[in-house]
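Enquirer: My structure is below; once you've seen it, I'll send some questions.
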Amino acid sequence: MTFPTQAQIIVIGGGIIGCSTAYHLAKEGAKDVIVLEGGQLTNGSTWHAAGLVGQLRSSANITQLLKNSVDIYKNLEAETGLATGWKMNGGLRLACNKDRWIEVKRQATTAHSFGLPMELLSASEAQDLWPLMDVSDIVGAAFLPTDGQANPSDITQSLAKGARMLGVKFYQNTQVSAIKVIDGAVVSVSTEKGEIQCEKVVNCCGQWAREVGRMAGVNVPLQSVEHQYMVTEPLKDTPVPGDLPTLRDPDRLIYFKEEVGGLVMGGYEPNPIAWARKGIPEKFYFSLLNENWQHFEQLMEQALFRVPALETAGIRTLTNGPESFTPDGNFILGEAPEVKNFFVGAGFNAFGIASGGGAGQALAQWVIAGEPPMDLWPVDIRRFSKVHADDDFVCNRTLEAYSKHYTMSWPHEEYSSCRPVLTSLLYEDLKAQGACFGSKNGWERPNWFAPQGMPAIDSYSYGRQNWFDAVAEEHRATRESVVVFDQSSFAKFSLKGAGAGEALSWICANHVDSEVGKLVYTQLLNDRGGIECDLTVAKVAEDEFYIVTGTGFRSHDYSWIKDNIPAQFSDIEFTDITEQRTTLSLMGPNARQLLSQITVADMSAVAFPFASLQTIDIAGHAVQALRVTYVGELGWELHMPREAGADVYRAIMAAGGVYNICNGGYRAIESLRLEKGYRAWSAELTPDCTPLEAGLGWAVKLNSTIAFKGRAALEQRGKQPLQKRLACFTVADVNIVLLGRETIYRNGKRVGYLTSGGWGYTIQANIGYGYVRNAQGVDNQYLQEGEYELEIASVRVPCNIHFKALYDPSMAKVKA
Ligand SMILES: Cc1cc2nc3c(=O)[nH]c(=O)nc-3n(C[C@H](O)[C@H](O)[C@H](O)COP(=O)(O)OP(=O)(O)OC[C@H]3O[C@@H](n4cnc5c(N)ncnc54)[C@H](O)[C@@H]3O)c2cc1C
1001 MTFPTQAQII VIGGGIIGCS TAYHLAKEGA KDVIVLEGGQ LTNGSTWHAA GLVGQLRSSA
1061 NITQLLKNSV DIYKNLEAET GLATGWKMNG GLRLACNKDR WIEVKRQATT AHSFGLPMEL
1121 LSASEAQDLW PLMDVSDIVG AAFLPTDGQA NPSDITQSLA KGARMLGVKF YQNTQVSAIK
1181 VIDGAVVSVS TEKGEIQCEK VVNCCGQWAR EVGRMAGVNV PLQSVEHQYM VTEPLKDTPV
1241 PGDLPTLRDP DRLIYFKEEV GGLVMGGYEP NPIAWARKGI PEKFYFSLLN ENWQHFEQLM
1301 EQALFRVPAL ETAGIRTLTN GPESFTPDGN FILGEAPEVK NFFVGAGFNA FGIASGGGAG
1361 QALAQWVIAG EPPMDLWPVD IRRFSKVHAD DDFVCNRTLE AYSKHYTMSW PHEEYSSCRP
1421 VLTSLLYEDL KAQGACFGSK NGWERPNWFA PQGMPAIDSY SYGRQNWFDA VAEEHRATRE
1481 SVVVFDQSSF AKFSLKGAGA GEALSWICAN HVDSEVGKLV YTQLLNDRGG IECDLTVAKV
1541 AEDEFYIVTG TGFRSHDYSW IKDNIPAQFS DIEFTDITEQ RTTLSLMGPN ARQLLSQITV
1601 ADMSAVAFPF ASLQTIDIAG HAVQALRVTY VGELGWELHM PREAGADVYR AIMAAGGVYN
1661 ICNGGYRAIE SLRLEKGYRA WSAELTPDCT PLEAGLGWAV KLNSTIAFKG RAALEQRGKQ
1721 PLQKRLACFT VADVNIVLLG RETIYRNGKR VGYLTSGGWG YTIQANIGYG YVRNAQGVDN
1781 QYLQEGEYEL EIASVRVPCN IHFKALYDPS MAKVKA
């Protein structure tokens, strides 16, 4: 085979992800696809994987992607003639204490929400499925009958064969040494055998993906970590059935699977060991690390309790293989925000075999279409930002994520490593006032404020948590008086230059280019009419706009806007100015009186109407005041140069004494926005739903003739009945906790799941939002005629459906 000088798509890496991506690229019709592998196929992490294939994740679409893997593995042999070793022996998950049992029951509900069967079992029923185990400490268990196991190398070879049959060419012993980027787009790849011009590159280099990304100036935040499992000889006196389900015992941090009459046992130590921090050794192919029995002993002890027969079992091997893990435990997929046509599929956190089929399929579709086939936000490479370019941050946060792989996954749990990184100017001041911070995209954000005498520390629970009363107080103060929220972590962009208004008009679904001083809430749509971003745009001058979006969406929204500025507007300057600005939100019915005392500007409703902005003077600083609210009360977001933050905050607090002003945190904001029905991107709003389905048709300029991205799809959708509609539900029982992902039943039939859930302190009820789905259409009548229930931790409870915001400002006054 002569070495090519040109190819349309180059996949780098011949592990399971590279082979699956190449196979699916060819299946989707891509021509001229080649795979470059530095060594031999599978010689990275793939050849030594244990092969468990679990499917349930906390996102519906990622679960769907893992279900797709199973479908692909089931059918591949028939197509290629090479077996995959796929065995649907089911997966068992144990709970050994009360809290874990709640977690497992909630997982079973999540599984039902996502259409995956998951049955709850007693300890003895679990033992019937897994006779080798001691069940004396087991409270309950859950069984996923469609989980299984497979042979990692066989699947990969089978995928590679399928790809070859469809025309993909593989070049092994061909290491990529450089990647050329011109004008922000990839153009070629260099190897010792020559340079290859190309249109697109897909980096599927597993633990090498960080350094291969760097060749193109792309940040792939992952870290290699040692991961061990042992394989026993066949157990002599205790037969291990060939169809034994895989077993996860998270309270003991271990997993098991059957292997030729013996057992594989591995796990996730609380003190993981990072590997190759200074770079992966040359040609680390088909290589393992030294056995580390001392480190493995902690897992061994746990395993001996669970399976006493291990006491006498012969140990065949202890495999210590490095694998790439990421700072949030999810893998990394998609087009890099830094470089056009450079895609990544890496960082599989020890579930790359389970994900391989579906992830390769989704990535291939993404490469071809230039956008993901469905909402893949939890794994999207654009969820990271600048902090993830720092090696120490990535390593330490990744080790924390690894150590938490099997620990309780508490609602609202925060990471504790690498903090603080990015702070607002007020960080120390707020800390001294009892702020309990959370960490988002590197930013420290006050979640709630502990009253005097109470430690500002989260105490996690599946019931009502220790911050419940403190958040109630912040919520009440916002409804009844005035509260200041430090929202300096908001992502903030400046877009200016000739044609800025026209460009934004194309990108945004709402009318953003009207008079100077207008503030507009808008969605940014993809070509399917799905919601890619949800943000506010302020017109500060002719052809100059100030854009504000959520902390977590910084890279995503920035790259979406940048990529969609039409080519003819080449003079537009688009800049991320997040760190340059302090943002204080002053919210509550007394916000106007308070502000009027610290500025000479006229803050009256006539002079300063809703959805407008003005520059006002506070404490000698020019402050951009945006009249907007996410909590359903009168209020302003005050945006100012970073260094002005301290003076302005002091002025607010001094004048606010008469109103009993207090600080508020993000947990109060969440409960306030739920009551008011404000949607959140990545929960209610995603690339999979349109503004029409989300009840945001009023924010779309469909009644104008102005062209905007996504318009055609939306018009098309508007002609047919909507197949899903966002609805609001309440459950009044305070002992119930809604978290999101609870299943929605209509007239006894599963029709959807909650995208958000939480407690509304003013209305005194649990609030949930979720899409009600029906292939024949969902209109008001359909919604109204249903009897609804929510499945919460595997128990169904009746709920009420609502058609307008649960809260309106008159309610607070009635309560007061
Ligand atoms: C001990 C252990 C147990 C595991 N158990 C399971 C399990 O039970 N279930 C599960 O789902 N997952 C498991 N995994 C995880 C799984 O092995 C990985 O997630 C998966 O193999 C990752 O595949 P990949 O294709 O991303 O990476 P790799 O398999 O590492 O492939 C990357 C390829 O890129 C090539 N490459 C690198 N740099 C270059 C370059 N410059 N030029 C050309 N080629 C290059 C490498 O040679 C390599 O072949 C386990 C992992 C370990 C370590």
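Just so you know, the sequence shown maps onto residues 1001 to 1816 in the working numbering. Even glycine gets a Cβ: it sits at the ideal position worked out from N, Cα and C.
1. Using CA atoms only, rank isn't needed, just tell me which of Y1171, Y1406, V1471, N1320 is closest to N1290.
2. In the structure shown, what three-state DSSP assignment does M1603 receive?
3. Just mark Q1720 as buried or exposed, buried being the case when its beta carbon has 16 or more other beta carbons within 10 Å.
4. For ligand 1, I want to know if C1198 counts as a neighbour, meaning its beta carbon is within less than 6 Å of at least one of the ligand's heavy atoms.
5. Ligand 1 heavy atoms versus the CB of H1227: any closer than 6 Å?
6. Please classify G1463 as buried or exposed, where buried requires at least 16 neighbouring CB atoms within 10 angstroms.
7. Please report the Cβ distance between K1246 and N1441, rounded to the nearest whole angstrom; I am assuming they are in contact, meaning their Cβ atoms lie under 8 Å.
8. Is F1348 a contact residue of ligand 1, with contact defined as CB to any heavy atom under 6 Å?
9. Report the three-state DSSP secondary structure of C1689 (helix, strand or coil).
10. If I follow the unbroken alpha helix (DSSP H) through H1024, where does it start and stop?
11. Given this structure, state the Cα-to-Cα distance separating M1818 from L1806, to the nearest angstrom.
12. Would the beta-carbon of W1377 fall within 7 Å of that of G1334?
13. Hey, quick one: how far does the alpha helix (DSSP H) through E1211 stretch, first residue to last?
14. Check each candidate in G1242, R1642, Q1055, T1317 and name the one with the smallest Cα separation from Y1427.
15. Looking at L1036 and ligand 1, is the gap between the Cβ and the nearest heavy atom below 6 Å?
16. Report all residues from its chain with a CB closer than 8 Å to the CB of E1028; omit the five preceding and five following residues, and keep chain order.
17. For K1340, write down the residues that DSSP places opposite it in a beta bridge.
18. Which residue marks the beginning of the alpha helix (DSSP H) containing I1381, and which one marks its end?
19. Should M1165 go down as buried or exposed, given a rule of 16 or more other Cβ atoms within 10 Å for buried?
20. Given a cut-off of 7 Å, decide if T1046 and P1818 are closer than it, judged by their beta-carbon atoms.
21. How long is the line joining the alpha carbons of A1185 and M1133, rounded to whole angstroms?
22. Is T1507 helix, strand or coil by DSSP?
23. Since N1663 and V1484 should fall inside the 8 Å C-beta cutoff, what is the C-beta to C-beta distance between them, to a whole number of angstroms?
24. Just checking, does the segment 1565-1578 make contact with the segment 1637-1653 on the three C-beta pairs under 8 Å criterion?
25. Would you report the Cα separation of K1813 and S1424, rounded to the nearest angstrom?
26. Quick check: what's the CA-CA separation for G1242 versus L1263?
27. So for C1827, helix, strand or coil by DSSP?
28. Taking 8 Å as the threshold, find out whether the segment 1258-1275 comes into contact with the segment 1091-1101 through three or more Cβ pairs.
29. Beta carbon of V1011, beta carbon of A1022: below 7 Å?
30. Run through the DSSP bridge pairs and tell me what C1728 is partnered with.
31. Return the CA-CA distance between E1192 and F1003, expressed in angstroms with no decimal places.
32. Any heavy atom of ligand 1 inside 6 Å of the beta-carbon of G1085?
33. On a CA-only basis, which of V1220, P1221, E1258 is nearest T1238? Give me that one, please.
34. Return helix, strand or coil for W1275, following the three-state DSSP convention.
35. Our contact map puts A1083 next to D1147 with C-beta atoms below 8 Å; I'd like the distance itself, whole angstroms only.
Expert: If we stick to the structure as given:
1. Of the listed residues, the one whose Cα sits closest to N1290 is N1320.
2. Three-state result, M1603: coil.
3. With a 10 Å radius around the Cβ and a threshold of 16 neighbouring Cβ atoms, Q1720 comes out exposed.
4. Short note on C1198: C-beta not closer than 6 Å to any heavy atom of ligand 1.
5. Set against 6 Å, the gap from the CB of H1227 to the closest heavy atom of ligand 1 is smaller.
6. When all chains shown are included, G1463 counts as exposed.
7. Here the sequence assigns Thr to residue 1246, which means Lys is not the residue at that position. Contact between T1246 and N1441 is ruled out by a C-beta separation of about 34 Å, above the 8 Å threshold.
8. Distances taken from the Cβ of F1348 to the heavy atoms of ligand 1 include one shorter than 6 Å.
9. Look at C1689 here: in three-state DSSP terms it is coil, with no helix or strand label.
10. That run of the alpha helix (DSSP H) goes 1016-1027.
11. Since the displayed the chain opens at 1001 and closes at 1816, residue 1818 lies outside it and no answer follows.
12. Cβ atoms of W1377 and G1334: not closer than 7 Å.
13. Note, E1211: alpha helix (DSSP H), 1209-1215.
14. For the options G1242, R1642, Q1055, T1317, the alpha carbon positioned closest to that of Y1427 is the one of R1642.
15. Because some heavy atom of ligand 1 lies under 6 Å away, the Cβ of L1036 counts as near it: yes.
16. Setting aside the 5 residues that flank it on each side, E1028 is surrounded in the same chain by A1364, Q1365, I1368, each with a C-beta closer than 8 Å to its C-beta; the list follows chain order.
17. Note: K1340 is bridge-paired with A1185 in the DSSP secondary-structure output.
18. DSSP places I1381 outside any alpha helix (DSSP H), giving it a letter other than H or E.
19. By the neighbour-count rule (16 or more Cβ atoms within 10 Å), M1165 is not buried but exposed.
20. Because residue 1818 is not part of the residues shown, which for the chain are 1001 to 1816, the question remains open.
21. Taking the straight line from one Cα to the other gives about 55 Å.
22. Thr is not the amino acid found at residue 1507; the sequence shown has Ile there. Residue state, collapsed to three classes: helix.
23. Yes, they are in contact, since the Cβ atoms of N1663 and V1484 sit about 6 Å apart, within 8 Å.
24. Touching, no.
25. Low confidence applies to K1813: its pLDDT is 46, below 50, so where it sits in the model is not reliable enough to give any reading.
26. G1242 and L1263 have their C-alpha atoms roughly 10 Å apart.
27. Because the chain here runs from 1001 to 1816, residue 1827 falls outside it and cannot be looked at.
28. Short answer: they don't touch.
29. It is a contact, given that the beta carbons lie within the stated cut-off.
30. Its beta-bridge partners are Y1769, H1802.
31. Taking C-alpha positions only, E1192 is separated from F1003 by approximately 11 Å.
32. Remark: the C-beta of G1085 is outside contact range of ligand 1, defined as less than 6 Å to any heavy atom.
33. Closest by alpha carbon: E1258.
34. In the three-state scheme derived from DSSP, where H, G and I count as helix and E and B as strand, W1275 is classed as coil.
35. Not really, about 19 Å apart at Cβ, beyond 8 Å.
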